[in-house]
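Letter by letter, the sequence shown follows residues 75 to 221 in the working numbering. Encoded as structure tokens, the structure appears first; notes follow it.
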Amino acid sequence: MAHKILILNGPNLNMLGEREPDIYGGDSLESIGVACQHKAQTLGMAVELRQSNDEGELVTWIQSSVGVFSGIILNGGAYSHTSIAILDALRAVGLPTIEVHLSNIYRRESFRSHSYISQASLGVICGLGAQGYLLALDALARIVDEE
Ligand code: DQA
């Protein structure tokens, strides 16, 4: 069975393409999803992309990922900087997780420089725009293969 990767996106990422394009780029989340599908195919994997503005829904999706998905790519949006609940959910399931941010969170307001999600992530990719999701898929393909 092909490995399946869950690509989770937090609040306001449904507005990608329209939202502060100078910071987040012009790609919509839908087009990022399509690029991820294509990339996953070349890696012999499958992906499912979801987005929620609701912290609890993200926690529930993480909890129910066990046994279905082999790894998680997570752009938690602003919840990255605030959510101990998402950190705890990631720790509870223990799936290999790569954190992604479109923008370079270290070049912005200081409150963005800390991410709770990083503490449960194998790696963090930020500042490379939509390409970050594709790089995360590359990394996870290798990681889940080695497991
Ligand atoms: C973001 C960075 C966060 O600080 C911000 O709240 C977002 C998007 C990014 O992808 O660059 O919503 O996660």
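Each residue gets a CB set at the ideal place from its N, CA and C atoms; glycine is no exception.
Please report how far the alpha carbon of residue i lies from the alpha carbon of residue j, in whole angstroms.
i       : j       : result
Arg-124 : Leu-164 : 16 Å
Ile-191 : Ile-172 : 9 Å
Ile-106 : Gln-205 : 9 Å
Gln-137 : Val-167 : 6 Å
Leu-209 : Glu-220 : 17 Å
Ser-195 : Trp-135 : 17 Å
Val-133 : Leu-214 : 21 Å
Gln-115 : Asn-178 : 28 Å
Glu-122 : Ile-199 : 19 Å
Ser-193 : Glu-129 : Position check: residue 193 holds Gln in this sequence, whereas Ser was assumed. Roughly 18 Å between the two C-alpha positions.
Asn-83  : Arg-216 : 22 Å
Gly-141 : Gly-197 : 22 Å
Leu-36  : Leu-90  : A query on residue 36 cannot be resolved here, the shown segment of the chain reaching from 75 to 221 and no further.
Gly-99  : Arg-93  : 8 Å
Cys-110 : Asn-149 : 14 Å
Taking buried to mean at least 16 other C-beta atoms within 10 Å of its own C-beta, is residue i buried or exposed?
i       : result
Ser-157 : buried
Tyr-180 : exposed
His-77  : buried
Val-108 : exposed
For my contact list, residue i and residue j are in at a C-beta cut-off of 8 Å; report their separation, rounded to the angstrom.
i       : j       : result
Tyr-153 : Val-174 : The pair is not a contact, with the Cβ atoms about 13 Å apart (cut-off 8 Å).
Do the CB positions of residue i and residue j come within less than 9 Å of each other?
i       : j       : result
Glu-211 : Gly-151 : The identity of residue 211 in the sequence shown is Leu, whereas the question assumes Glu. In this structure, Gly-151 does not lie closer than 9 Å to Leu-211 by Cβ.
Ile-81  : Ile-160 : no
Leu-176 : Gly-145 : no
Pro-85  : Ser-139 : no
Val-218 : Met-119 : yes
Leu-169 : Phe-143 : yes
His-229 : His-112 : The structure shown has nothing for residue 229, since the chain only spans 75 to 221.
Asp-96  : Gly-203 : no
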